[in-house]
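Residue numbers (my numbering): 57 to 166.
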């Protein structure tokens, strides 16, 4: 895997981090959590922009949001006791399948 894909995966992980930060910043009223959230947001965008130097825009953006969406939903189920019904899990799996499909069929040597 080349650097662009590593940047993209790290950007997606940061997206999960800042989504959780938004939850715990309580509308940016908690200064420490809010500051960390903003830093992780910026890092996520910087990593995404680095990945987009090589990867196609649509592929990179879709994978970034897919990692963020699926990862946040999974961690919400695990750590925040969010609903874990089968249809919700199936939909998360569809997101993961889409992300994997975009990677596999990106047609990029990157």
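Using N, Cα and C, we set each Cβ at its ideal position, and we do this for glycine too.
Remember, it's a predicted structure, so these values are computed and weren't measured experimentally.
Could you check whether residue 158 and residue 124 sit closer than 9 angstroms to each other, using their CB atoms as the reference points?
Walking along the chain shown from the start, residue 124 turns up at place 68. Walking along the chain shown from the start, residue 158 turns up at place 102. For residue 124 and residue 158, no; Cβs fall outside 9 angstroms.
Locate the alpha helix (DSSP H) running through residue 144, then write down its first and last residues.
As a position in the chain shown, residue 144 is number 88, starting the count at 1. Its alpha helix (DSSP H) spans residues 142-160.
Scan the region 90-118 and note each continuous beta strand (DSSP E) run of 3 residues or more that stays entirely inside, going in chain order.
none
If residue 64 sits next to residue 119, beta carbons under 8 angstroms apart, how far is it from one beta carbon to the other, in whole angstroms?
Residue 64 sits at position 8 when you count from the first residue of the chain shown. Residue 119 sits at position 63 when you count from the first residue of the chain shown. Between residue 119 and residue 64 the Cβ distance is about 6 angstroms, and since that is below 8 angstroms, they are a contact.
Let me confirm a value: residue 104 is counted as buried when at least 16 other C-beta atoms fall within 10 Å, else exposed. Which label applies?
Along the chain shown, read from residue 1 onward, the residue named residue 104 stands at position 48. With 16 or more Cβ atoms within 10 Å of its Cβ, residue 104 is classed as buried.
Is there contact between the region 131-143 and the region 101-116, where contact requires at least three CB pairs shorter than 8 angstroms?
no
Below 8 angstroms on the Cβ atoms is my guess for residue 90 versus residue 81; work out the distance and round it to an integer in Å.
For the purposes of this step, residue 90 is taken as residue 34 along the chain shown, with counting starting at 1. For the purposes of this step, residue 81 is taken as residue 25 along the chain shown, with counting starting at 1. Contact flag correct, Cβ pair sits at about 4 angstroms.
Three-state secondary structure (DSSP) of residue 84:
For the purposes of this step, residue 84 is taken as residue 28 along the chain shown, with counting starting at 1. The answer is coil: DSSP assigns residue 84 none of H, G, I, E or B.
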